[in-house]
Amino acid sequence: MAEFDSRWMNAWQDVVNNDATLSLIGRYFTTDFLIGFGEKEYRVSVREGRIERITDNLSIETPWSFALRAPRESWERFAQKVPPPMYNDVWAMAHPLHGRLKMDGDVKVMWQNIRALTWMLARMREVPDHAVVEERATRV
Amino acid sequence: MSATHEPITGKYVYVPYGGYEYRVFYEEAGEGIPLVCLHTAGTDSREWRHQLADPDINKNFRVIAFDLPRHGKSIPPVGFEREEYRLTAKFYSEFVMAFCEALELEKPVIMGSSMGGNICLHLALNFEERVRALIAIEACDYSPGWYISWLEHPHVHGGEACATSVFGLMAPQSPEDYRWETWWYYSQGGPGVFKGDLHFYSVDHDFRELNDKITGNVPIYFMTGVYDFACTPEMTQQTADKVKGSECIIMEEIGHFPMCENPETFKKYLMPVLEKILAAEREPTKA
Numbered sequence: 041m042a043e044f045d046s047r048w049m050n051a052w053q054d055v056v057n058n059d060a061t062l063s064l065i066g067r068y069f070t071t072d073f074l075i076g077f078g079e080k081e082y083r084v085s086v087r088e089g090r091i092e093r094i095t096d097n098l099s100i101e102t103p104w105s106f107a108l109r110a111p112r113e114s115w116e117r118f119a120q121k122v123p124p125p126m127y128n129d130v131w132a133m134a135h136p137l138h139g140r141l142k143m144d145g146d147v148k149v150m151w152q153n154i155r156a157l158t159w160m161l162a163r164m165r166e167v168p169d170h171a172v173v174e175e176r177a178t179r180v
Numbered sequence: 181m182s183a184t185h186e187p188i189t190g191k192y193v194y195v196p197y198g199g200y201e202y203r204v205f206y207e208e209a210g211e212g213i214p215l216v217c218l219h220t221a222g223t224d225s226r227e228w229r230h231q232l233a234d235p236d237i238n239k240n241f242r243v244i245a246f247d248l249p250r251h252g253k254s255i256p257p258v259g260f261e262r263e264e265y266r267l268t269a270k271f272y273s274e275f276v277m278a279f280c281e282a283l284e285l286e287k288p289v290i291m292g293s294s295m296g297g298n299i300c301l302h303l304a305l306n307f308e309e310r311v312r313a314l315i316a317i318e319a320c321d322y323s324p325g326w327y328i329s330w331l332e333h334p335h336v337h338g339g340e341a342c343a344t345s346v347f348g349l350m351a352p353q354s355p356e357d358y359r360w361e362t363w364w365y366y367s368q369g370g371p372g373v374f375k376g377d378l379h380f381y382s383v384d385h386d387f388r389e390l391n392d393k394i395t396g397n398v399p400i401y402f403m404t405g406v407y408d409f410a411c412t413p414e415m416t417q418q419t420a421d422k423v424k425g426s427e428c429i430i431m432e433e434i435g436h437f438p439m440c441e442n443p444e445t446f447k448k449y450l451m452p453v454l455e456k457i458l459a460a461e462r463e464p465t466k467a
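Heads up: the protein sequence lines correspond to chains L and Z, in order.
Sequential numbering of the first sequence, starting at 41, is according to our numbering.
Sequential numbering of the second sequence, starting at 181, is according to our numbering.
As structure tokens, then:
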């Protein structure tokens, strides 16, 4: 089960930054976006398709372009190796029929980068299991 | 050495409708009962390539898939640059029948997915005497939520955004190569075409008060995949419950594009439906 703690976020960052496709399709994907797992929120700083930094040190002065916020349970299902119906995609979760994820802020930036963002989020399914993640140093 | 060809041939036909002659591209293969296949919103008839080429299907059916005007190889009508494209139930249903008439198809089976599934309800209501059976894939009486501006916004890459917006409609169990092929089709729609189609899909198509007006004289087979978040199995089932003469088939491990995201899985569900249509043909005494 994905923990969405600092170690897990760093493990996801590693998977993303080792992904060869993202360096191609994410060439123009540069922004800071907010991702919320229930109460726990992080700002993800993306530069040309790479995650440069993830921080949970947020204040009202922390800028971000768009936000993806969902209950932990939604993200847990999304991050499964084979996600169940209605949870396999952020637009599926955010669609007005379902409302399991909220898209906020300057969503134009999100739609401009939707392919690279979708690919980046799908990499959550490749984050190694908890035991492996535990061994890694936390950087958040 | 001879080259490998598929059994599909493509042609152009002029379809008169509303005082205009539309130049329409279609592909076909096989012989038998005409089976007209309708593509989903914002894309074209390539979605049906597997069923067109399948000998188990085209040995008994003349499988035909056409591109609506503005889609694939069917050019838009003259003056399109001065209009906002908004597909309506009236144009769509009447144009499908005009195409069938142009090809002189006698009582075709019509099979469509997504907006092509939703239009089957309108065909059942208005043209029941002219169709043999309807296969409404990923269809329901009301499918809101898709008429959104980002799909045509000039600050957003239409190909990437339209294609990625539908990627999650496919099941993770569907082969990755077919899912990306479907993404590829979606990346190639003209500006505003996907959104214009979605005007029918999410706005003009509201059949909630009309379900019980369908007589049931024409069999309707609803088929929906469990990963379809635009038209969920529950939405299809609730519609089918109200439509006389219908059957509801829920398909496991597949999403919104059964014919192209996973033709093998789709075939397992489609063949029994086609068998029923053939069986009805063999027993024409049912009056």
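Beta carbons: idealized from backbone N, C-alpha and C, even for Gly.
Please report how far the alpha carbon of residue i lies from the alpha carbon of residue j, in whole angstroms.
i                : j                : result
PHE205 (chain Z) : PRO111 (chain L) : 47 Å
ARG67 (chain L)  : PHE77 (chain L)  : 27 Å
ALA221 (chain Z) : ARG47 (chain L)  : 42 Å
ILE429 (chain Z) : GLU309 (chain Z) : 24 Å
GLU113 (chain L) : TRP228 (chain Z) : 37 Å
TRP364 (chain Z) : ASP392 (chain Z) : 38 Å
ARG140 (chain L) : THR95 (chain L)  : 24 Å
VAL258 (chain Z) : ILE75 (chain L)  : 47 Å
TYR197 (chain Z) : PHE260 (chain Z) : 16 Å
ASP224 (chain Z) : THR61 (chain L)  : 27 Å
PRO187 (chain Z) : MET126 (chain L) : 37 Å
CYS475 (chain Z) : HIS138 (chain L) : There is no way to answer for residue 475 (chain Z), as the model of chain Z reaches only from 181 to 467.
GLU463 (chain Z) : LEU390 (chain Z) : 30 Å
ALA467 (chain Z) : ALA460 (chain Z) : Here the model assigns ALA467 (chain Z) a pLDDT of 47, short of 50, so the residue's position is not dependable and the matter cannot be decided.
TRP151 (chain L) : VAL336 (chain Z) : 7 Å
LYS148 (chain L) : ILE328 (chain Z) : 12 Å
ILE213 (chain Z) : VAL289 (chain Z) : 7 Å
GLU207 (chain Z) : SER99 (chain L)  : 59 Å
GLU211 (chain Z) : ASP236 (chain Z) : 12 Å
MET41 (chain L)  : GLU116 (chain L) : 7 Å
ASN153 (chain L) : PHE69 (chain L)  : 6 Å
ARG359 (chain Z) : LYS447 (chain Z) : 16 Å
LEU458 (chain Z) : PRO136 (chain L) : 40 Å
TYR200 (chain Z) : GLU444 (chain Z) : 39 Å
ARG250 (chain Z) : GLU81 (chain L)  : 44 Å
ALA209 (chain Z) : CYS280 (chain Z) : 16 Å
PRO124 (chain L) : MET133 (chain L) : 11 Å
MET164 (chain L) : VAL122 (chain L) : 11 Å
VAL195 (chain Z) : ARG312 (chain Z) : 21 Å
GLU356 (chain Z) : GLY252 (chain Z) : 23 Å
TRP104 (chain L) : ILE91 (chain L)  : 14 Å
List, in order along the chain, the chain L residues whose C-beta lies closer than 8 Å to that of residue i?
i                : result
GLY348 (chain Z) : ASN128, ASP129, VAL130, TRP131, ALA132, THR158
VAL383 (chain Z) : Per Cβ cutoff of 8 Å: no residues; VAL383 (chain Z) is ~13 Å from chain L at best.
Could you work out which residues of chain L lie near residue i, taking near to mean beta carbons separated by less than 9 Å?
i                : result
ALA341 (chain Z) : TRP151, GLN152, ILE154, ARG155
Quick one: which chain Z residues come within Cβ less than 9 Å of residue i?
i                : result
PRO125 (chain L) : ALA351, GLY405, VAL406, TYR407, ASP408, PHE409, THR412, PRO413, GLY435
LYS148 (chain L) : TRP330, HIS333, HIS335, VAL336
What in chain L is Cβ-close to residue i, meaning under 7 Å?
i                : result
THR494 (chain Z) : An answer regarding residue 494 (chain Z) cannot be provided, because it is not within the stretch 181 to 467 covered by chain Z.
Residue i CB to nearest chain L CB: under 8 Å?
i                : result
PRO324 (chain Z) : yes
Would you mind telling me which residues of chain Z sit closer than 8 Å to residue i, beta carbon to beta carbon, in chain order?
i                : result
VAL122 (chain L) : PRO352, GLN353
Using a Cβ-Cβ cut-off of 8 Å, state whether residue i counts as contacting chain Z.
i                : result
LEU62 (chain L)  : no
VAL137 (chain L) : One detail in the question is off: residue 137 (chain L) reads as Leu in this sequence, not Val. Interface residue, yes.
GLU116 (chain L) : no
GLU166 (chain L) : no
Hey, which unbroken runs of the alpha helix (DSSP H) at 4 residues or more fall wholly within the stretch 353-424 of chain Z? As far as the stretch 353-424 of chain Z is concerned, its whole alpha helix (DSSP H) runs of at least 4 residues are 356-366, 373-378, 413-422.
Check whether the stretch 392-402 of chain Z touches the stretch 360-379 of chain Z, counting contact only when three or more Cβ pairs, one atom from each stretch, lie closer than 8 Å.
Using a C-beta cut-off of 8 Å, the stretch 392-402 of chain Z makes no contact with the stretch 360-379 of chain Z, since fewer than three inter-stretch Cβ pairs fall below that distance.
Given 8 Å as the limit, is there contact between the stretch 284-292 of chain Z and the stretch 259-275 of chain Z, that is, 3 or more CB pairs closer than that?
Cβ pair count under 8 Å is below three, so no.
Is the number of C-beta pairs between the stretch 238-255 of chain Z and the stretch 341-360 of chain Z that are closer than 8 Å three or more?
-> No, because fewer than three Cβ pairs between the stretch 238-255 of chain Z and the stretch 341-360 of chain Z fall closer than 8 Å, the two stretches do not touch.
Three CB pairs or more closer than 8 Å across the stretch 437-453 of chain Z and the stretch 410-419 of chain Z: The stretch 437-453 of chain Z is not in contact with the stretch 410-419 of chain Z.
Where in the stretch 287-330 of chain Z do unbroken runs of the beta strand (DSSP E), each at least 3 residues long, occur, reported from the N-terminal end onward? Segments of the beta strand (DSSP E) lying fully in the stretch 287-330 of chain Z: 289-293, 313-317.
Unbroken stretches of the beta strand (DSSP E), 3 residues or longer, contained in the stretch 231-279 of chain Z = The qualifying runs are 241-246.
Runs of beta strand (DSSP E) wholly within the stretch 89-134 of chain L (minimum 3 residues, chain order): Runs found: 90-95, 106-110.
- Message: Under 8 Å, with one C-beta from each stretch per pair, do the stretch 399-408 of chain Z and the stretch 302-318 of chain Z reach the 3-pair mark?
- Response: Result yes; three or more Cβ-Cβ pairs closer than 8 Å.
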